[in-house]
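Engineer: Have a look at this one.
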Amino acid sequence: MDIPVAFRWVLLALAVLQLLSLIPTLRRTRRAEPARRTEARLDLLDAASGLTLMAGLALGNSTVMLCGLVLMGSAIAAKGVRTLRGCRRT
Numbered sequence: 170m171d172i173p174v175a176f177r178w179v180l181l182a183l184a185v186l187q188l189l190s191l192i193p194t195l196r197r198t199r200r201a202e203p204a205r206r207t208e209a210r211l212d213l214l215d216a217a218s219g220l221t222l223m224a225g226l227a228l229g230n231s232t233v234m235l236c237g238l239v240l241m242g243s244a245i246a247a248k249g250v251r252t253l254r255g256c257r258r259t
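Residue numbers (our numbering): 170 to 259.
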């Protein structure tokens with residue numbers, strides 16, 4: 170997979186922005202309510218996996234990119250299960 174250098178710099182800049190977006194998510198993980206903490210942890214996993222995926226794509230490392238995809242898939246699956254459980258309870 171050959172990505173032009175200009176696109177790699179754009180992807181790395183987006184990865185830095187993704188890294189900066191982790192700060193509010195980390196703050197939400199310290200809240201006292203258990204339900205919001207769990208949701209914040211899933212959001213943190215989703216953001217970190219997106220960062221890993223972007224960094225792997227920008228660097229051309231397929232192993233890191235695959236790890237990001239696996240983490241993102243597990244975060245999306247966990248969020249889906251959590252949403253389905255919430256719908257069934259109401």
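We treat Cβ as the ideally placed atom computed from N, Cα and C, and that holds for glycine.
Report back the beta-carbon spacing between A182 and D215 to the nearest angstrom; my notes put them in contact at under 8 Å.
Structural biologist: Actually they do not touch by this definition, with Cβ atoms about 20 Å apart.
Engineer: Whole angstroms are fine: how far does the CA of R206 sit from the CA of D212?
Structural biologist: 10 Å
Engineer: Suppose the cutoff is 6 Å on Cβ atoms and the five residues either side in sequence are ignored; what does the same chain contact list for R197 look like?
Structural biologist: A209
Engineer: Quick check on the burial criterion: 16 or more other C-beta atoms within 10 angstroms. Buried or exposed for S190?
Structural biologist: exposed
Engineer: To the nearest angstrom, report how far apart C256 and V250 are at their CA atoms.
Structural biologist: In this structure, the CA atom of C256 is about 10 Å from the CA atom of V250.
Engineer: Using a 10 Å radius around the Cβ and a threshold of 16 neighbouring Cβ atoms, would you call G225 buried or exposed?
Structural biologist: buried
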